[in-house]
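J.: Mind having a look at this structure? Questions to follow.
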Amino acid sequence: MTASRTLTARSAWHAVPRHQVRRFAEIALAEAPALAEEIMGEIRREYPHLPVVLDDSGEPMALIGIRRAIEAFVRHLAQGDHTVGRPTVPPGVFQDFGRGEGRGGRSLDALQATYRMGVRMAWRRFAEIGQRLDIPPPAMYELVDAGYEYLDGLVDQSVRGYAEAAARQAGERLRLQRRLMDLMLAEHHRGDPSDALAERAARIGWPVPGRVAAGVLLRPAREAVAPAVGQGVLLDMEHERPRMIVPEPDAAGRRELLDRALAGWSGAIGPPVQVTEAAKSLRWAEAAVRLMERGLLPSGEVLYCAEHTEALVLLQPEELIDDLALRCLAPLAHCAPAHGQRLAQTLLAWLETRGGAPEVAARLGVHPQTVRYRLRQIRELFGGSVDDPDRRFELELVLRAHRLRGLLGNAVE
């Protein structure tokens with residue numbers, strides 16, 4: 008049975024003569040300050056860790072809240088209209104209690120336990136008053152039900168205050184976290200950023216690591232929920248392409264945790280760098296994402312730049328590589344496209360193996376005699392330059408870049 012049902016026209020409490028109800032309220036209100044002190048003392052003994060917050064006059068806010076709660080409850084019982092449902096909960100105070108627990112990083116368990124203790128102690132006092140006034144037991148039982156529904160209202164207010172504080176703290180932490188990330192990922196700093204970085208990290212309780220890796224993510228859907236990257240990984244979802252900073256990326260188990268958290272996402276994580284050089288790691292991650300979008304790196308997953316160094320180095324400076332290719336591969340320009348492509352494949356295989364016709368043939372899957380024929384043609388086209396170490400390096404560079412771009416084709420006949 009709830010208070011909204013107990014204090015109705017047909018309730019046992021409603022049947023109590025009005026003079027007894029008024030007398031009950033007078034006594035209970037007179038004893039409310041002492042009862043509040045008693046409850047407060049018991050709370051302090053049972054829960055000494057709960058903070059004591061004073062108002063402007065130096066009186067504990069908790070004591071004020073308890074006294075007001077008792078008085079509001081008793082006045083409700085004394086109303087002439089007994090059809091009123093749940094008693095009105097004193098606004099503000101209990102919501103402030105919840106906010107205090109939220110700001111302090113504590114749970115509401117202890118606070119709710121103190122509320123239940125207060126209701127039990129208040130009920131014992133009210134029961135004594137009821138006995139003195141010969142109020143029938145059924146009416147007092149309804150009073151108990153009303154008290155616990157009243158307790159629900161107090162808890163509701165505290166939960167509301169707790170949720171507000173938690174949301175405010177979460178928002179503030181995200182703001183401070185973004186400021187920290189902005190500082191770390193800035194390309195240029197005025198002087199040594201270490202002190203500012205340490206100060207901002209301390210404000211969110213983030214231990215400054217020795218090395219970090221910066222990442223860029225591509226959303227799988229516009230309203231995608233932030234991935235649960237785990238404690239310590241900084242994540243900024245405000246960007247069109249979310250960014251993150253991974254502390255100690257080479258730590259044991261870090262890769263496995265990230266792979267699980269980022270399942271379904273795509274993007275890139277830059278190489279590990281010193282914490283003050285996170286912008287360099289971000290630059291490589293952004294470059295990898297651009298190559299993914301062009302189809303030059305695998306998409307649909309989160310790549311690690313350290314595993315795609317060749318592609319990032321050779322595919323990034325496109326203009327320089329293209330210019331070098333025009334000069335280095337000029338002798339092939341006069342060959343038919345398919346034949347020139349086969350010669351380029353053979354030349355690259357020879358440069359990579361540094362072997363003879365059998366080794367090159369094994370790599371290309373053709374007969375050694377075919378390789379010998381092509382190598383003779385290559386020497387005729389390129390002359391003695393293929394024996395120059397610097398020229399060989401340039402040739403291998405541009406041919407590897409062409410292979411990464413898919414410009415060498417697959418035909419090796």
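So for the sequence shown, the numbering used here puts the first residue at 8; every next one is plus one.
From the three backbone atoms N, C-alpha and C, an ideal C-beta is built for every residue, glycine too.
1) Starting from the N-terminal side, write out each stretch of the beta strand (DSSP E) that is 3 residues or longer and does not extend beyond the stretch 237 to 313.
2) Could you please give the first and the last residue of the uninterrupted beta strand (DSSP E) stretch that includes Gly222?
3) If you run the structure through DSSP and keep just helix, strand and coil, what is Leu336?
4) Under 7 angstroms between the Cβ atoms of Leu225 and Gly271?
5) Based on the DSSP secondary-structure assignment, which residues constitute the bridge partners of Leu61?
6) Between Ala203 and Ala235, how many whole angstroms is the CB-CB distance? I'm expecting something under 8 angstroms.
7) Where does Gln86 fall in DSSP's three states?
8) For Arg361, name the three-state secondary structure that DSSP assigns.
9) With a Cβ-Cβ cutoff of 7 angstroms, do Ile142 and Gln27 count as a contact?
10) Rounded to whole angstroms, how far is the Cβ of Ala292 from the Cβ of Met191, which I believe are closer than 8 angstroms?
11) Is it a yes or a no for the stretch 98 to 106 touching the stretch 158 to 176, going by three-plus beta-carbon pairs under 8 angstroms?
12) Please list the terminal residues of the continuous alpha helix (DSSP H) segment that includes Ser201.
13) Just confirm the distance between the C-beta atoms of Val126 and Leu158, as a whole number of angstroms; I'd bet it's less than 8 angstroms.
14) Rounded to a whole number of angstroms, what is the C-alpha to C-alpha distance between Glu366 and Gln352?
15) Which first and last residues belong to the alpha helix (DSSP H) in which Val166 is found?
16) Cβ atoms of Leu241 and Arg210: under 7 angstroms apart, would you say?
17) So, do the stretch 67 to 76 and the stretch 44 to 52 have three or more beta carbon pairs nearer to each other than 8 angstroms?
T.: Taking the coordinates as given:
1) 241 to 243, 250 to 254, 273 to 276, 309 to 311
2) 218 to 225
3) coil
4) no
5) Pro67
6) With a Cβ gap of about 29 angstroms, Ala203 and Ala235 do not count as contacting.
7) coil
8) Of the three classes helix, strand and coil, the one that applies to Arg361 here is coil, per DSSP.
9) Taking 7 angstroms as the cut-off, the beta carbon of Ile142 is found closer than this to the beta carbon of Gln27.
10) Contact doesn't hold; Cβ gap of about 13 angstroms is too wide.
11) yes
12) 201 to 210
13) 5 angstroms
14) Cα to Cα, Glu366 sits roughly 14 angstroms from Gln352.
15) Start and end: 144 to 192.
16) It is not a contact, given that the beta carbons lie outside the stated cut-off.
17) yes
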